[in-house]
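Reading through the structure tokens given below for one structure.
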Amino acid sequence: EAGVAQSPRYKIIEKRQSVAFWCNPISGHATLYWYQQILGQGPKLLIQFQNNGVVDDSQLPKDRFSAERLKGVDSTLKIQPAKLEDSAVYLCASRTWARRRGVEGTDTQYFGPGTRLTVL
Amino acid sequence: AQSVTQPDIHITVSEGASLELRCNYSYGATPYLFWYVQSPGQGLQLLLKYFSGDTLVQGIKGFEAEFKRSQSSFNLRKPSVHWSDAAEYFCAVGARVRNRDDKIIFGKGTRLHILP
Numbered sequence: 004e005a006g007v008a009q010s011p012r013y014k015i016i017e018k019r020q021s022v023a024f025w026c027n028p029i030s031g032h033a034t035l036y037w038y039q040q041i042l043g044q045g046p047k048l049l050i051q052f053q054n055n056g057v058v059d060d061s062q063l064p065k066d067r068f069s070a071e072r073l074k075g076v077d078s079t080l081k082i083q084p085a086k087l088e089d090s091a092v093y094l095c096a097s098r099t100w101a102r103r104r105g106v107e108g109t110d111t112q113y114f115g116p117g118t119r120l121t122v123l
Numbered sequence: 032a033q034s035v036t037q038p039d040i041h042i043t044v045s046e047g048a049s050l051e052l053r054c055n056y057s058y059g060a061t062p063y064l065f066w067y068v069q070s071p072g073q074g075l076q077l078l079l080k081y082f083s084g085d086t087l088v089q090g091i092k093g094f095e096a097e098f099k100r101s102q103s104s105f106n107l108r109k110p111s112v113h114w115s116d117a118a119e120y121f122c123a124v125g126a127r128v129r130n131r132d133d134k135i136i137f138g139k140g141t142r143l144h145i146l147p
């Protein structure tokens, strides 16, 4: 089974430029997440999609960040314009929702390798 | 709101020694708890997870974790570490959102160093 694919793996831009990241989740996974991981910190959720709808974007800086998942499969995350503090690894994850024997629980989130963004 | 605390930023152990990484969580209901590992330049890999039932959870690579509700803890253990275990370890807590879905809150991570 192919994992979560992300591209590019690395990106260096100057502040005020625009950048876009792409994610292709595991086939059949309805839920897709974008996380931002700043050096020395844990991942922070930016946005969560269920199919092509947004479930949670409360921590997405909407003045500069946008994300879409038009066909409910792959997704793009865009930053426009970028700031120095946007330097981070951007992780994409996907999962299914599994109902176990009498116990409803969340299934595993599978993470992609991430895109390391450096803003100069 | 849920939160996760990993008190140790760095841990150094000798190869072959035992390991315990600490994790404390804050959540009003029974949480879903996870441990992930991240090697340099890699994405996060799930080591183990707790949803309910047996409070001692076995994971991959010889890791285990114990859920202690009274202490709000979910510490990760391994009886004998290998040099390849050097990585960053993240504890995470999952929560239900409007009874429909969930999101995961990550701790800040503990970097594990292995001495030869």
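Read top to bottom, the protein sequences are chains A and B. Here the first sequence is numbered in this note's numbering, starting from 4 and rising by one per residue. Here the second sequence is numbered in this note's numbering, starting from 32 and rising by one per residue. We treat Cβ as the ideally placed atom computed from N, Cα and C, and that holds for glycine. It should be emphasised that the depicted structure is a prediction, and the values quoted were computed from it without experimental measurement.
In three-state DSSP terms, what is residue 41 (chain A)? The sequence position of residue 41 (chain A) within the first sequence is 38, counting from 1. Note: residue 41 (chain A) maps to coil in three-state DSSP.
When the Cα of residue 38 (chain A) is compared with those of A:57, A:95 and A:76, which residue comes out closest? Counting from 1 along the first sequence, the entry for residue 38 (chain A) is found at position 35. With distances taken between Cα atoms, residue 38 (chain A) lies closest to A:95.
Verify the CB distance criterion: does residue 134 (chain B) have a CB-CB separation below 8 Å to chain A? Position 103 of the second sequence holds residue 134 (chain B). Yes, residue 134 (chain B) lies at the interface with chain A (some Cβ there is under 8 Å from its Cβ).
Best match in B:32, B:64, B:114 and B:103 for proximity to residue 95 (chain B) [C-alpha to C-alpha]: Indexing the second sequence from 1 puts residue 95 (chain B) at position 64. If we check each option's Cα against that of residue 95 (chain B), B:64 comes out closest.
Residues that residue 53 (chain A) bridges to, as DSSP identifies them: The residue labelled residue 53 (chain A) in the question sits at position 50 within the first sequence. Bridge partners of residue 53 (chain A): A:34 and A:56.
Comparing C-alpha positions only, which one of B:57, B:87, B:142 and B:85 sits nearest to residue 115 (chain B)? Along the second sequence, read from residue 1 onward, the residue named residue 115 (chain B) stands at position 84. It is B:142 whose Cα lies nearest to the Cα of residue 115 (chain B).
Strictly under 8 Å for the Cβ-Cβ distance: is residue 1 (chain A) near chain B by that measure? Any question about residue 1 (chain A) goes unanswered here, given that chain A covers just 4 to 123.
Per the DSSP calculation, residue 66 (chain B) is bridged to which residue(s)? Reading the second sequence from its first residue, position 35 is the one you call residue 66 (chain B). Per DSSP, B:79 and B:122.
What three-state label does DSSP hand residue 71 (chain A) in the structure shown? One-based indexing of the first sequence puts residue 71 (chain A) at position 68. Strand, per DSSP.
Who are the near neighbours of residue 13 (chain A) in its chain, counting only those whose CB is closer than 6 Å to its CB and skipping five residues on each side? Translated into positions along the first sequence, residue 13 (chain A) becomes position 10. Contacts found: 119.
Using Cβ-Cβ distances below 9 Å, what residues of the region 34-65 of chain A are close to chain B? Result list: 34, 36, 38, 40, 43, 44, 45, 46, 47, 48, 51, 53, 58 and 59.
DSSP on residue 63 (chain A), reduced to helix/strand/coil? Within the first sequence, the letter at position 60 stands for residue 63 (chain A). Coil at residue 63 (chain A), not helix or strand.
Can you name the residues that DSSP bridges to residue 13 (chain A)? The sequence position of residue 13 (chain A) within the first sequence is 10, counting from 1. In the DSSP output, where bridge partners are listed per residue, residue 13 (chain A) has A:119.
Count the other C-beta atoms from every protein chain shown that fall within 10 angstroms of the C-beta of residue 87 (chain A), then say buried if there are 16 or more, exposed otherwise. Here residue 87 (chain A) corresponds to residue number 84 of the first sequence, with the count starting at 1. Exposed, because fewer than 16 other Cβ atoms sit within 10 Å of the Cβ of residue 87 (chain A).
Is the region 59-66 of chain A close to the region 32-48 of chain B, with three or more CB pairs under 8 Å? no
Is there a Cβ of chain B sitting closer than 8 Å to that of residue 114 (chain A), yes or no? If you number the first sequence from 1, residue 114 (chain A) lands on position 111. Chain B contact via Cβ: present.
For residue 50 (chain A), I'd like the list of residues in its chain whose CB is within less than 6 Å of its CB, leaving aside the five on either flank, ordered along the chain. Stepping through the first sequence from its first residue, residue 50 (chain A) is reached at position 47. Closer than 6 Å at the Cβ level, and outside the excluded window around residue 50 (chain A), lie 37, 60, 63 and 70.
In whole angstroms, what is the alpha-carbon distance linking residue 18 (chain B) and residue 101 (chain B)? Any property of residue 18 (chain B) remains undetermined from this structure, which presents chain B solely from 32 to 147.
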